[in-house]
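In what follows, a single structure is set out as C-alpha cells and then discussed.
Number of protein chains: 2
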Amino acid sequence: MWTRATPFAPAGTKLDTEEGQRLTPTFDANGLIPAIAQDASSGEVLMLAWMNAEALARTIDTGEAWYWSRSRRKFWRKGESSGHVQQVVEISIDCDQDAILLKVQQTGPACHTSRRSCFYRSVRRADDGSLTLIFNGSSGA
Amino acid sequence: MWTRATPFAPAGTKLDTEEGQRLTPTFDANGLIPAIAQDASSGEVLMLAWMNAEALARTIDTGEAWYWSRSRRKFWRKGESSGHVQQVVEISIDCDQDAILLKVQQTGPACHTSRRSCFYRSVRRADDGSLTLIFNGSSGA
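Residue numbers (the working numbering), protein chains in the order written: chain A, 1 to 141; chain B, 142 to 282.
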C-alpha cells in the first residue's frame with residue numbers, strides 16, 4: 001500500500017521554475033502532466049502517457065513507471081497486467097516544469113498492440129497533398 | 142500565407158485508429174495534441190509542445206515544425222524569432238492517435254533557455270525521500 005502524501009510544492013517565480021533545483025511540477029486543469037517514456041538504451045521514444053501528482057510521486061518513490069489512465073480513471077502501474085514493466089533510470093522535467101521525460105528499461109513491448117513503441121506509423125504526404133500512415137518496419141516487438 | 146483547410150477526417154473504429162493507414166488525430170477539449178520533438182540524429186528528446194489541427198497541417202505541408210502557443214494563444218513557427226528552426230525528418234503518431242512524435246534537425250538550441258534540450262534537469266531522491274533537481278551536464282547548448 002502506497003501512502004506518501006503528495007510532496008510537490010507550488011511553483012515559485014519563473015526564474016525558480018526554470019533555473020531552480022526545486023521540483024514544482026505544473027499539472028493541467030485535469031490535474032495531469034504528460035510523461036514521455038524513452039528507451040534508456042536505444043533512445044527510442046516508446047510512448048506518451050499521463051501522470052497526476054500521486055502517479056509521479058509513486059514513480060519517483062518506487063522506480064517503476066506509474067501513470068493515470070484517463071479512460072479507466074485509475075492508477076496504472078505500467079505492466080501490472082501485461083508484465084511489460086518500465087524500470088525508471090532517470091526522471092527529467094522540462095524548463096517550465098509541465099512535461100516529464102522518463103528514461104526506462106522497458107520489459108517487452110511498450111505498446112498494447114505488442115509493438116515495441118506506440119509510434120509505429122509515420123505520415124507520408126503525396127505530391128497531391130493526400131496523407132497516408134506508413135507502418136515503420138523497425139518498430140516491431 | 143498558409144491557406145489549407147483542416148484536412149483531418151474524424152476517427153473511425155478503434156481498429157481503424159490503431160491499425161489503419163488514415164491519419165485521424167484526436168485533439169483534446171482545447172483542440173490540442175501533444176507533440177514530442179526528438180533530435181533525428183542523436184535521439185535526444187528536445188521538447189514537448191502543443192499543436193492544434195492547423196499547426197499539425199502546417200507542419201506536414203511545410204516540413205518545418207509549427208506549434209500552438211498556449212500562453213500567447215497564437216501559432217508559433219519554431220525558430221521564427223530565434224532562428225532555431227526545426228526541419229522535420231519524420232512525423233509519427235501513436236497507437237490511439239492522440240500524441241505526435243517529430244524527428245527533427247534542430248538548428249541551435251531547442252530550449253528558450255539556450256540549452257539544447259528543455260529536459261536539462263533530472264530528479265534526485267535522497268534517502269530521506271527529499272527531492273532535488275540536478276542539472277544535466279550533457280544538455281548544454
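Cβ atoms here follow ideal geometry from the backbone N, Cα and C, with glycine treated the same way.
Residue A/Ala110 holds the alpha-carbon nearest to the alpha-carbon of A/Val45 among A/Asp127, A/Thr62, A/Ala110 and A/Thr132. Within the same chain, and ignoring the five residues on either side of A/Thr24 in sequence, the residues whose Cβ sits closer than 8 Å to its Cβ are Phe8, Ala9, Pro10, Ala11, Gly12, Asp16, Thr17 and Gln97. For the C-beta of A/Ala99, the chain B residues within less than 7 Å are, from N- to C-terminus, Leu189. A/Ser117 and A/Arg125 have their C-alpha atoms spaced approximately 22 Å apart. Relative to the Cα of A/Asn136, the nearest Cα in the group B/Gln246, B/Asp268 and B/Cys236 belongs to B/Cys236.
Relative to A/Val88, the option among A/Glu19, A/Gly20 and A/Ala57 whose CA is nearest is A/Ala57. Boundaries of the beta strand (DSSP E) around B/Thr273: Leu272 to Phe276. Rounded to whole angstroms, the gap between the alpha carbons of A/Glu64 and A/Asp127 is 45 Å. At a cut-off of 8 Å between beta-carbon atoms, A/Glu90 makes contact with chain B.
Fully contained in the segment 94-118 of chain A are the following beta strand (DSSP E) runs of length 3 or more, in chain order: 100-106. For A/Val104, the nearest beta carbon of chain B is not closer than 8 Å to its own beta carbon. Under the DSSP assignment, A/Asp39 falls outside any alpha helix (DSSP H), being part of the beta strand (DSSP E) whose first and last residues are Ile33 to Asp39. A/Pro10 has a beta carbon lying at 8 Å or more from every beta carbon in chain B.
Under the 10 Å beta carbon count, A/Gln86 is surrounded by 16 or more other beta carbons and is classified as buried.
Judged by DSSP secondary structure, B/Leu197 falls outside any beta strand (DSSP E) and instead within the alpha helix (DSSP H) spanning Ala194 to Thr203.
Comparing alpha carbon positions, the residue from B/His225, B/Ile232 and B/Pro175 closest to A/Tyr120 is B/Ile232. In summary, A/Gln106 is buried, with 16 or more beta-carbon neighbours lying within 10 Å of its beta-carbon over all protein chains present.
At a beta-carbon threshold of 8 Å, the residues of chain B lying near A/Leu133 are Gly161, Gln162, Arg163, Leu164 and Ile234, ordered along the chain. About 16 Å separates the beta carbons of B/Val245 and B/Asp202, which is beyond the 8 Å limit, so they are not a contact pair. Here B/Val264 has Leu272 and Leu274 as same chain residues with Cβ atoms under 7 Å from its own Cβ, once five neighbours each way along the sequence are excluded. Under the Cβ distance rule, A/Ile33 does not count among the residues neighbouring chain B, no pair being separated by less than 8 Å.
The beta carbon of A/Arg121 falls within 8 Å of a beta carbon belonging to chain B, placing the residue at that interface. Within chain A, the residues placing a beta-carbon under 8 Å from that of B/Arg266 are Ile60 and Asp61, ordered along the chain.
When secondary structure is reduced to three states using DSSP, A/Glu44 falls in the coil class, being assigned neither helix nor strand.
From the beta-carbon of B/Thr254, the residues of chain A found nearer than 7 Å are Glu18 and Cys95. Nearest C-alpha to A/Ser69 among A/Ile93, A/Ser114 and A/Ala49: A/Ala49. Proximity of chain A to B/Pro148 at the Cβ level (cut-off 8 Å) is accounted for by Gly129 and Leu131, in chain order. Put simply, the backbone Cα of A/Phe75 is about 11 Å away from that of A/Ala53. A straight line joining the alpha-carbon of A/Ser42 with that of B/Trp207 spans about 27 Å.
Under the criterion of beta carbons closer than 8 Å, A/Ile100 and A/Met51 qualify as touching, at roughly 6 Å.
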